[in-house]
Structure formats: structure tokens, C-alpha cells
Amino acid sequence: MDSKLPGIGTTIFTRMSALAAECGAINLSQGYPDFEAPEELREALARAVMDGHNQYAPMSGLPALREQLALQLQLHRGVACDPETEITVVPGATEGIFCSIMASVRAGDEVLVMDPSYDSYIPAIEMAGGKAVRIALRAHSFAVDWDAVAATLNPRSRMIIINSPHNPTGAVLSEDDMHTLERLAIEYDLLVCSDEVYEHLTYDDLPHRSVLQYPGLRERSFAHFSFGKTFSVTGWKTGYCVAAPALSAELRKVHQFVAFVAVTPVQQAVADFLADYPEYPARLAGFYQRKRDLFCDALAGSNFRLRPSAGTYFQLLDYSDISTATDQQLAEQWTRELGVASIPISVFYPSPPGLHYLRFCFAKNDATLEQAAEILCGI
Ligand SMILES: Cc1ncc(COP(=O)(O)O)c(C=O)c1O
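The sequence shown: position 195 = 960 (the working numbering), numbered continuously.
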């Protein structure tokens, strides 16, 4: 068939995981845990299925779950929100992000994206008929270049997409960043699509700052969250979007004809689990910080340059002192020859900026991380 989307290929995650499987490599490429979710959560899912929670949920999500999510937002972010009109449960943050873009972006509208960027944003913008305006994060610190952002804003700018904690770099937006974003969003009347799927994974006492905590952003933002990240169940593919009533109403218009609903027993299981363990998400930062430290400590004697990740469960390793090859060449070579798979970050840019970083996922058992680090130390 004559492709309607000739520029869109298979994601790097699919490609690297397939290569890792083919080579029997330790897979630190795709971002998912190789350990189990809490037993109580898995039992809650089995119970939900056996208790008959198996038919369509309401389009915006099970009321019991939305109520728990409103309590979570109050507990962890100090944010009040109406579960009826402001929370929509979706089959994964990817769908929520897609729906918020589809609902907002008209043909010719400009959408600002910071590179390197999660790979679902650009296709969604293009499918909506919009134009992605891509701005590189500052080299090495991966901070937002707000001067560059301000310089590109114009009356056609419709939306800005932010992602903090940031995949693939692990960078986290600061209080100053949020105030600058708020000021620019108001000045240029922008909508904000805020990808906060790693909200609970920030380290060294650094807080996560949600757009929902800033009044000027609260009314113009879609904030996206994922149970896959928070509960170590990426395969359950369920998340939620929080937005002001008028924005949620528009998002739901798209959601009801893309997926209509998220999976019912998963929603019931998460609602039951959160009712019993409301503090569970707050424990994640400590859990993953220990894994980050284990991985970084084990690499201390290696030839990589490394700055411990501020958030997410990804660690960038700078191989400038090891090789001048491109990150795509090295990711493939080391998967095949050394048996450790990673993700090259150049694929998240429109044209690779010549940086020498590979992304490694540390949401893995300690033994897996130790084994991978030992191999990497031999380079
Ligand atoms: C930055 C970012 N956004 C969104 C997602 C997708 O989340 P979900 O699996 O809930 O669709 C991911 C998953 O890796 C991610 O890293």
C-alpha cells in the first residue's frame, strides 16, 4: 500500500528489545522492570476479574478509581481536583497524550517539543495536521533553553509539550523552569501537554513539580500519568489525564472514539490497591534511588563519564572517552558483542547533535544491574 505515514517507522524500543532477545543480551534498553509488581496489586487484579469487573467501565473511568486518584493528587501534590470532571482514565499515557494533542491541535498549528523527546509526540502532532517546532535541550545539562523557546513563540503556537522527569535524559524541571513556563504559556496563550509519567521517580530529595501546582498552568494543561511506571506494570497499559473541566471535555471527545475506555479489571485493581496502600507511590523514589546508586557505584571505575540521573529510571552514560562511533553504532555493537542492550539517544532528535550518550534502564533486579555494570567496566 502507498503509505499515508511514510516518515513513521518502528520505534527504537521495539528494535533494540528484539535485538537484545536475538543476541541473548541483558536488556537495559526498553524501560520496564524485570521484577514483579506488589503481590497485593496482582491479587487485586485476579480478584477483580473473578468478582465480575469484566464489562465496559464508564467512558471517563471507574468512579471508585477516579476518587482514589483525586485523593492521591491531594496527598502527593497538594492539588484539589474534581474526579467527575477533571480526571479521565485512559489505556496508557500514550493514548492520553495522543488524545490531548488531537483534541487541541488544528492544521497548521505549531507545537513546541524539546529534543530529545519521547517518540510518540511528533507522530501525534503530525497526525493532527500540526507542525512540530523542535528545540534542543541544552547539551549535557539537558535543561530547557527558555530563550530559544521564547524566540520561536508566535501567534500560531498552540501547545508546548514538556516532560519532567525526562525520558531519556533523567533531567527534572526546577521551580524557575515552571515559573518561566507559566509566564510564557500565559503570554502566548498556549496549551500545555505535560508528560509526568515518572512523577514519583525523583532523587536526592528533589521534588517533582507538576503543572497542576501552578495556577496559571493548571487551567491550560493536560497532565498525563501512567500506572505502568508507578506500579511496575507497564503491560497493564493504563494511566490517566488530569485537566480543567473544559479541556477534559475536549479530550474525552477524542478518547471516546480512539479507545472509549480503559480496561475495567485493571481500574478496579488499582482503585482497591490505592485504597489500602495510599502511601505506596511515595516509597518509589527511595526504592529506585538505591538501584540508581548501585548501578552508578558499580560503574565508578569504568571509562564512562556519568552524572547520576535526577529522575526517571534511566541513566545516561557518556562514552566520549571510549569511542568516537555514533551512539546507534555502539548500541548495536555492544548488544551483539558484549551482550548489554541500551538505547541511543540520537534517535530522539530530528538530526543527531553528535552527542555521545547511551541510555540504560535501571528498573532491573540488582543482580542484572551488577552483571551489566561488570561488562561495561571492561570496556
Ligand atoms: C516519557 C514517557 N511518556 C509516556 C510513556 C508511555 O506510558 P504508557 O505506557 O502509560 O502509555 C512512556 C513510557 O515509556 C514514557 O517514557
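The beta-carbon is built from N, C-alpha and C at its ideal position, and this holds for glycine as well.
Here the structure is a predicted model, which is why all the values come from computation and not from measurement.
- The Cβ-Cβ distance between SER794 and CYS1126 falls below 8 Å.
- For LEU1095, the secondary structure class from DSSP, reduced to helix, strand or coil, is helix.
- Judged by beta-carbon spacing, SER1074 lies within the 8 Å limit of GLY935, meaning their Cβ atoms are closer than that value.
- Distances from the alpha-carbon of HIS944 to those of MET867, GLY894, SER782 and ARG983 put ARG983 closest.
- The region 895-905 makes no contact with the region 1039-1054, as fewer than three CB pairs between them are under 8 Å.
- With respect to ALA988, SER959 sits close: the two C-beta atoms are nearer than 8 Å.
- The DSSP-derived three-state label of GLU875 is strand.
- The set of residues with CB atoms less than 6 Å from any heavy atom of ligand 1 reads, in chain order, GLY796, GLY857, ALA858, THR859, TYR883, ASN928, ASN932, ASP960, VAL962, SER991, GLY993, THR999, LYS1002 and GLY1004.
- Between LEU806 and PHE996, the gap from beta carbon to beta carbon is short of 8 Å.
- Rounded to the nearest angstrom, the gap between the Cα atoms of LYS896 and ARG812 is 46 Å.
- Between LYS1056 and the set THR967, GLU849 and ALA893, the nearest pair of CA atoms involves THR967.
- In this structure, the CA atom of TYR821 is about 7 Å from the CA atom of VAL1026.
- Contiguous alpha helix (DSSP H) elements confined to the region 1036-1081 occur at 1049-1063, taking only those with 4 or more residues.
- Separation of the CB atoms of ASP1083 and LEU1071 is rounded to 7 Å, and the pair is thereby assigned contact status at 8 Å.
- Contact between the region 868-875 and the region 834-854 is not established, with fewer than three Cβ pairs separated by less than 8 Å.
- Here PHE990 is near TYR1005, since their CB atoms are less than 8 Å apart.
- In the structure shown, the three-state DSSP call for TYR1114 is coil.
- A straight-line Cα-Cα distance of about 24 Å links VAL1023 and LEU810.
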